[in-house]
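Enquirer: Questions regarding the structure given below will be posed in turn.
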Amino acid sequence: MPPIANIRPVFTFFLNRGWKSRRTRVFFLLSLIPFLILLAVKIVQILSPDFKTFLYQIFSQAVVPFYFTMFIQFIALFFGSSVINDERESKTLIYLTTTQTPKLSILLGKFTACYILSALIVLVGFVLCFVVSYVNRLTFASMELLLGLTATAALSLLVYSAFFCALGTLFRKSILFGIFFILGWENVIQYFPGSTQKFSLNHYVKSLLPVELPKKGGFLSFNLQPSSTLEALIVISLLTLIFLTIAILIFQNKEYDLSDQV
Amino acid sequence: MAEATVLQTDQLSKWYGNILGISEISLSLTPGVYGILGPNGAGKTTFLKIISGQLKPNLGSIKIFGQPVFNNPSLFARVGFCPELDSYYQDVTGGQFLRFMARLHRFSPDSARLRARQALEAVGMEDSSDDLISTYSLGMRQRIRIAASIVHEPDLLLLDEPLRGIDPLWRAKILALIEGYRREGKTVIVSSHILPEIESMTNHITLIHQGKVFAHGDIQQIRSLIDTHPHQISITCSRPRELARKMIASSSVLGVQVSEEKGTVIFETNRRDSFFTQLMGKLARGQYPVEEIFSPDDNLQSVFDYLIGD
Numbered sequence: 001m002p003p004i005a006n007i008r009p010v011f012t013f014f015l016n017r018g019w020k021s022r023r024t025r026v027f028f029l030l031s032l033i034p035f036l037i038l039l040a041v042k043i044v045q046i047l048s049p050d051f052k053t054f055l056y057q058i059f060s061q062a063v064v065p066f067y068f069t070m071f072i073q074f075i076a077l078f079f080g081s082s083v084i085n086d087e088r089e090s091k092t093l094i095y096l097t098t099t100q101t102p103k104l105s106i107l108l109g110k111f112t113a114c115y116i117l118s119a120l121i122v123l124v125g126f127v128l129c130f131v132v133s134y135v136n137r138l139t140f141a142s143m144e145l146l147l148g149l150t151a152t153a154a155l156s157l158l159v160y161s162a163f164f165c166a167l168g169t170l171f172r173k174s175i176l177f178g179i180f181f182i183l184g185w186e187n188v189i190q191y192f193p194g195s196t197q198k199f200s201l202n203h204y205v206k207s208l209l210p211v212e213l214p215k216k217g218g219f220l221s222f223n224l225q226p227s228s229t230l231e232a233l234i235v236i237s238l239l240t241l242i243f244l245t246i247a248i249l250i251f252q253n254k255e256y257d258l259s260d261q262v
Numbered sequence: 263m264a265e266a267t268v269l270q271t272d273q274l275s276k277w278y279g280n281i282l283g284i285s286e287i288s289l290s291l292t293p294g295v296y297g298i299l300g301p302n303g304a305g306k307t308t309f310l311k312i313i314s315g316q317l318k319p320n321l322g323s324i325k326i327f328g329q330p331v332f333n334n335p336s337l338f339a340r341v342g343f344c345p346e347l348d349s350y351y352q353d354v355t356g357g358q359f360l361r362f363m364a365r366l367h368r369f370s371p372d373s374a375r376l377r378a379r380q381a382l383e384a385v386g387m388e389d390s391s392d393d394l395i396s397t398y399s400l401g402m403r404q405r406i407r408i409a410a411s412i413v414h415e416p417d418l419l420l421l422d423e424p425l426r427g428i429d430p431l432w433r434a435k436i437l438a439l440i441e442g443y444r445r446e447g448k449t450v451i452v453s454s455h456i457l458p459e460i461e462s463m464t465n466h467i468t469l470i471h472q473g474k475v476f477a478h479g480d481i482q483q484i485r486s487l488i489d490t491h492p493h494q495i496s497i498t499c500s501r502p503r504e505l506a507r508k509m510i511a512s513s514s515v516l517g518v519q520v521s522e523e524k525g526t527v528i529f530e531t532n533r534r535d536s537f538f539t540q541l542m543g544k545l546a547r548g549q550y551p552v553e554e555i556f557s558p559d560d561n562l563q564s565v566f567d568y569l570i571g572d
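The structure is reproduced here in structure tokens:
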């Protein structure tokens, strides 16, 4: 039997469930908060012509950092780590692993469903923010910028989701570990000397961004020269592959004892 | 012609850190219905987890239909498993769950729909198939799990505590379903800690206690084993050594251990009834103030009593 056989029913089942889940609704509402703020500013702008604020600046100075240094990581954490961990916590893993569907298909099918759901949440919110911010400046260049940003968001979400998926196959408390990783390692390492920040995923994500993140006053700021776009692309692709391979190997070989009873 | 071996375990052992799960279980089962019996924590669930491929044994080997179990999804074309856990997808209906299970068993969408309907009918859940599983009673959830385990009509069905929460009417129908499997020449392995449940399904039982196979065979064979099996009886009293001296001459006593410090004497006997008759006489005559009498292997005692017919 091919190891990737029967991936489709797994994907379809979890995608259908995912649409209706509380997690999806909560993150979708969260993703709309920046849009609603920008919309409010826009309305104030329209109502009071004296109010001088450039929304595209808010977009690049606040919305982009919010998405790329916080929101994408957290949504990846909650969706990526849920791939196996949710099944373990709800003790439904047993139904998946005692069928003819290989574990590889189970993991990849559910991972893909979770990734698509989280990507839609991120991209809908992000594109809405962009549209409100650039409504008066919609040019070819701005569309290029949007394309670059959404592609970076999708790639960023992919590598973080793969990382947290691997974490979720290994640890029960992967959310806690993930929060430490996002708020700790990914930020603190930027202040280390030399090129140590290359040991963070965020470095490569930021290297792909077509806009510059604010350098001063931000805890999440970028302190070192970015890697080249090609290098960042290669590293992100390779890391995604490595994390998914690790997740698959762990899932295939780990014993998941779902009950407390011996 | 010899019947094909369905399940073959050789010296199967599993432990969790320092805790023993099962130890050196060697079984060879041909088609039929088998009961795995033992008190809670005896190792039944560990055994079923290993034979359903959820756990790997630390030692020994297991083969089902001549194939290894762990990480072998193709084997599950012939194996169905109904877990003891009351776990389910909260936001999914019974029908959706069964169709998904059938799809995981690689049936086309149309076939999966048909299989799901047949399995729902087999457990009498067709009228509730559009209701969320979270609205089901415990018994209905148990029936939907049984339906999930038979949706692909396996040759080997593993049922862990299958009758839990099921009402008497459906109990009888589940038993009939198991009997149907037996008549078709298939194999069913049922685990339970309730002997009457097992007895209503089969005469072939395997007694597991403290992770080991205590006895294996039909109920009559096991009864004869139990008749001669030594039992321990612990008595805490004021003069344990004196009581031990008075009882040692009895032919029903196989061995004695005295602990003056704890004030206990432990007798080993293979004739419990005779032992207790004599003990009561001695206790009454000697006026030993007894604090406690208990059997260290008490969990199995009730099972033995039942088997013996007490």
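Chains as they are written, first to last, in the working numbering: chain L, 1 to 262; chain F, 263 to 572. Idealized CB from N, CA, C, for every residue including glycine. Remember, it's a predicted structure, so these values are computed and weren't measured experimentally.
Less than 8 Å between the CB atoms is what I'm expecting for residue 27 of chain L and residue 68 of chain L, so what's the real figure, rounded?
Expert: No, residue 27 of chain L and residue 68 of chain L are not in contact; Cβ-Cβ is about 16 Å, not under 8 Å.
Enquirer: Considering only C-alpha positions, which residue in the set F:297, F:278, F:309 and F:535 is nearest to residue 271 of chain F?
Expert: Looking at the Cα atoms, F:309 is the closest of the given residues.
Enquirer: To which residues of the same chain is residue 18 of chain L closer than 7 Å at the C-beta, ignoring the five residues directly before and after it?
Expert: Cβ neighbours of residue 18 of chain L beyond the five flanking positions: 24, 113, 114 and 117.
Enquirer: Does residue 84 of chain L get closer than 7 Å to chain F when you measure Cβ to Cβ?
Expert: It does not: the Cβ of residue 84 of chain L has no partner Cβ on chain F nearer than 7 Å.
Enquirer: At the level of alpha carbons, what is the spacing between residue 219 of chain L and residue 180 of chain L?
Expert: Caution applies to residue 219 of chain L, whose pLDDT of 43 falls short of 50 and renders its modelled position unreliable; the value that the coordinates give is listed next. Between residue 219 of chain L and residue 180 of chain L, the C-alpha separation is close to 15 Å.
Enquirer: Can you check the region 59 to 137 of chain L for any alpha helix (DSSP H) of at least 4 residues that lies completely inside it and give the ranges in chain order?
Expert: Listed in chain order, they are 72 to 80, 82 to 89, 93 to 97 and 103 to 133.
Enquirer: For residue 5 of chain L, does the three-state DSSP call read helix, strand or coil?
Expert: Coil, per DSSP.
Enquirer: Tell me, which residues are paired with residue 531 of chain F by DSSP?
Expert: Partner(s): F:493 and F:515.
Enquirer: Just checking, does the region 329 to 338 of chain F make contact with the region 99 to 107 of chain L on the three C-beta pairs under 8 Å criterion?
Expert: The answer is yes - the region 99 to 107 of chain L touches the region 329 to 338 of chain F, with three or more Cβ pairs under 8 Å.
Enquirer: Under 6 Å Cβ to Cβ from residue 536 of chain F, same chain only, skipping five residues before and after it: list those, please.
Expert: Within the same chain, residue 536 of chain F has close Cβ partners 514.
Enquirer: Tell me whether residue 477 of chain F sits in a helix, a strand or coil according to DSSP, three-state version.
Expert: In the structure shown, residue 477 of chain F sits in a strand (DSSP, three-state: E or B).
Enquirer: Give a yes or no on whether 7 Å exceeds the smallest Cβ distance from residue 476 of chain F to chain L.
Expert: No, residue 476 of chain F lies away from the interface with chain L (no Cβ there is under 7 Å from its Cβ).
Enquirer: Any chance you could list the alpha helix (DSSP H) runs of at least 4 consecutive residues sitting entirely within the region 363 to 433 of chain F, in chain order?
Expert: Those alpha helix (DSSP H) runs which fall completely within the region 363 to 433 of chain F and span 4+ residues are 371 to 384 and 400 to 412.
Enquirer: Verify whether the separation of the beta carbon atoms of residue 412 of chain F and residue 299 of chain F is less than 7 Å.
Expert: No, Cβ-Cβ distance for residue 412 of chain F and residue 299 of chain F is not below 7 Å.
Enquirer: Does any C-beta atom of chain F lie closer than 7 Å to the C-beta of residue 90 of chain L?
Expert: Chain F, which has a Cβ nearer than 7 Å to the Cβ of residue 90 of chain L, makes this yes.
Enquirer: Whose Cβ in chain L lies nearer than 7 Å to the Cβ of residue 317 of chain F?
Expert: Correct list: 255 and 257.
Enquirer: In or out: residue 141 of chain L buried (at least 16 other Cβ within 10 Å) or exposed?
Expert: Per the 10 Å Cβ criterion, exposed.
Enquirer: Is residue 156 of chain L helix, strand or coil by DSSP?
Expert: DSSP places residue 156 of chain L in helix when its eight states are reduced to three.
Enquirer: Which of the three DSSP states, helix, strand or coil, is assigned to residue 325 of chain F?
Expert: Strand at residue 325 of chain F.
Enquirer: Give me the Cα-Cα distance between residue 386 of chain F and residue 254 of chain L, rounded to the nearest whole angstrom.
Expert: Spanning the two alpha carbons is a distance of roughly 36 Å.
Enquirer: DSSP puts residue 343 of chain F in a beta bridge; with which residues?
Expert: The partner list for residue 343 of chain F (beta bridge, DSSP) reads F:420.
Enquirer: Kindly indicate which residue of F:359, F:283 and F:291 has the alpha-carbon position closest to the one of residue 266 of chain F.
Expert: Of the candidates F:359, F:283 and F:291, the one whose C-alpha sits nearest the C-alpha of residue 266 of chain F is F:291.
Enquirer: I'd like to confirm the pairing. Which residues does DSSP put opposite residue 294 of chain F in its beta bridges?
Expert: Beta-bridge pairing links residue 294 of chain F to F:449.
Enquirer: From residue 7 of chain L to residue 361 of chain F, what does the alpha carbon distance come to, in whole angstroms?
Expert: Roughly 15 Å between the two C-alpha positions.
Enquirer: Spell out whether any CB of chain F is found under 7 Å from the CB atom of residue 94 of chain L.
Expert: Yes - at least one Cβ of chain F is within 7 Å of the one on residue 94 of chain L.
Enquirer: Could you tell me the alpha carbon to alpha carbon distance between residue 273 of chain F and residue 319 of chain F, rounded to whole angstroms?
Expert: Near 10 Å, if we compare the C-alpha coordinates of residue 319 of chain F and residue 273 of chain F.
Enquirer: Between residue 24 of chain L and chain F, is the shortest Cβ-Cβ distance under 7 Å, so that the two count as touching?
Expert: Chain F contact via Cβ: absent.
Enquirer: Against chain L, which members of the region 435 to 459 of chain F pass a CB distance test of less than 8 Å?
Expert: Answer in chain order: no residues at all.
Enquirer: Taking the alpha carbon of residue 312 of chain F as the point to measure from, which residue in F:422, F:351, F:354 and F:464 has its own alpha carbon closest?
Expert: Out of F:422, F:351, F:354 and F:464, F:422 has the C-alpha closest to the C-alpha of residue 312 of chain F.
Enquirer: Please determine, among F:432, F:364, F:418 and F:508, the residue with the shortest C-alpha to C-alpha distance to residue 380 of chain F.
Expert: Of the candidates F:432, F:364, F:418 and F:508, the one whose C-alpha sits nearest the C-alpha of residue 380 of chain F is F:364.
Enquirer: Please work out which residues of its chain come closer than 7 Å, Cβ to Cβ, to residue 251 of chain L, disregarding the five sequence neighbours upstream and downstream, and give them in chain order.
Expert: The residues are 84, 103, 107 and 169.
Enquirer: Assign residue 54 of chain L to one of two classes, buried (16 or more other C-beta atoms within 10 Å of its C-beta) or exposed (fewer than that).
Expert: The residue is exposed, with fewer than 16 neighbouring Cβ atoms inside 10 Å.
Enquirer: Hey, would you say residue 91 of chain L sits closer than 7 Å to residue 14 of chain L, going by beta carbons?
Expert: For residue 91 of chain L and residue 14 of chain L, no; Cβs fall outside 7 Å.
Enquirer: List, in chain order, every chain L residue whose beta-carbon is nearer than 8 Å to that of residue 354 of chain F.
Expert: Within 8 Å Cβ-Cβ: 17.
Enquirer: Identify which residue in F:480, F:393 and F:382 has its Cα closest to the Cα of residue 407 of chain F.
Expert: Ranking the options by Cα distance to residue 407 of chain F, first place goes to F:382.
Enquirer: Return the chain-ordered ranges of every beta strand (DSSP E) run that is complete within the region 12 to 65 of chain L and spans a minimum of 3 residues.
Expert: Qualifying beta strand (DSSP E) stretches: none in this window.
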